[in-house]
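Reading through the structure tokens given below for one structure.
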């Protein structure tokens, strides 16, 4: 097994969209157990994400043999058993790291997160509520960062959940194309999330002027970058357009997370998360994130 095959199996470039989940949750949390080690929680999130991607390919191996034969398992580059073992190992590592970083409160969120990842790949992916199931994993990931006081991070968790639901719904058209109504609805959802995020940032009386401006600016950038790609899919509902909008939506996580981080005055973390966007786009030219 080559490193490139493993990168493709886990869709490693897409993991650049993960750290901002936990960090945005932590930025809204009150101090608690493991707060000083909160910077490390994205390591747990990333392992769980990669685990889900590997397990997804194992579950889809027969479908991919027909629709995406170039994927690592159907092409014979990675054996099904090896892919399943990689998924299990990464999942265990993710839960272990979460527990080390945040103790029982982190495990209390990490465990259902891991269960939802498995449930989505194995059962819910093709169900009508599949996008909701997928979205719940990213919302829980935000709450994992705020494990000591998860209720305090409900706003960024809801925003990330809504973005993920739309992204997942649109991604169903990556192979055979989407419907204009679906892409239009997803675009409307993106603009709503952007407007709500900008509103919260603008009216946050506890934030400084620079933080408020950064939050509003990143919200606007998220609306333009992600919304434009989705609007194009509404006008041209082909598989290529849906795939492009999906990839853009994955990259758009960094702008949305950055807005919530900036709103709380975490400008350094916001810059790091947003700065991962160009790296994501560069790596995506070599390895598909979807």
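In the working numbering, the protein residues as written are 10 to 299. Glycine residues also receive a C-beta, built at the ideal position from the N, C-alpha and C atoms. On a predicted model such as this, the values are computed, not experimentally measured, just so you know.
Work out the CA separation of residue 215 and residue 98 for me, nearest whole Å.
As a working note, residue 98 is residue 89 in the chain shown. As a working note, residue 215 is residue 206 in the chain shown. Their backbone Cα atoms lie some 42 Å apart in a straight line.
Return yes when the Cβ of residue 33 is within less than 8 Å of the Cβ of residue 154, no when it is not.
For the purposes of this step, residue 154 is taken as residue 145 along the chain shown, with counting starting at 1. For the purposes of this step, residue 33 is taken as residue 24 along the chain shown, with counting starting at 1. Against a cut-off of 8 Å, the Cβ pair of residue 33 and residue 154 comes out as a contact.
Quick check: what's the CA-CA separation for residue 35 versus residue 192?
Along the chain shown, one-based indexing puts residue 35 at 26. Along the chain shown, one-based indexing puts residue 192 at 183. Cα to Cα, the separation comes out at about 32 Å.
For the structure I just gave you, are there three or more beta carbon pairs, one from the stretch 216-230 and one from the stretch 264-279, closer than 8 Å?
As far as the Cβ criterion goes, the stretch 216-230 touches the stretch 264-279, which means the pair count is three or higher.
Does the Cβ of residue 225 have 16 or more other Cβ atoms within 10 Å, making it buried, or fewer, making it exposed?
Taking the first residue of the chain shown as position 1, residue 225 is located at position 216. So residue 225 counts as buried.
Which residue wins for smallest C-alpha separation from residue 103, given the options 120, 130, 163?
Taking the chain shown and counting its residues from 1, the one referred to as residue 103 is at position 94. Of the listed residues, the one whose Cα sits closest to residue 103 is 120.
Whose C-alpha, out of 117, 234, 13, is nearest the C-alpha of residue 263?
Within the chain shown, the letter at position 254 stands for residue 263. When each option's Cα is compared against that of residue 263, the closest is 234.
Which runs of the alpha helix (DSSP H) fall wholly inside the stretch 199-272 and span at least 4 residues, in chain order?
Runs found: 218-244, 248-272.
Quick one: what's got a C-beta closer than 7 Å to residue 288's C-beta in the same chain, skipping five residues either side?
If you number the chain shown from 1, residue 288 lands on position 279. Excluding residues within five positions, the ones whose Cβ falls inside 7 Å are 25.
Going by alpha carbons, who is nearest to residue 141 out of 62, 260, 17, 179?
Against the chain shown, residue 141 aligns to sequence position 132. Answer by Cα proximity: 179.
Please classify residue 295 as buried or exposed, where buried requires at least 16 neighbouring CB atoms within 10 angstroms.
Position 286 of the chain shown, counted from the start, is the residue given in the question as residue 295. Result: exposed.
What are the boundary residues of the alpha helix (DSSP H) that includes residue 169?
Counted from its first residue, the chain shown places residue 169 at position 160. Here the alpha helix (DSSP H) through residue 169 covers 163-180.
Rounded to a whole number of angstroms, what is the C-alpha to C-alpha distance between residue 250 and residue 113?
If you number the chain shown from 1, residue 250 lands on position 241. If you number the chain shown from 1, residue 113 lands on position 104. If I take the Cα positions, the gap works out to 43 Å.
Around the Cβ of residue 131, are there at least 16 other Cβ atoms within 10 angstroms (buried) or fewer (exposed)?
Mapped onto the chain shown, residue 131 falls at position 122. So residue 131 counts as exposed.
In the stretch 68-130, which residue ranges form an unbroken alpha helix (DSSP H) of at least 4 residues, counting only runs that do not cross its ends?
70-76, 89-128, all fully within the stretch 68-130.
Quick check: the Cα distance between residue 52 and residue 252, rounded to an integer number of angstroms?
Locating residue 52 in the chain shown gives position 43, counting from the first residue. Locating residue 252 in the chain shown gives position 243, counting from the first residue. Each residue's Cα considered, the two are about 27 Å apart.
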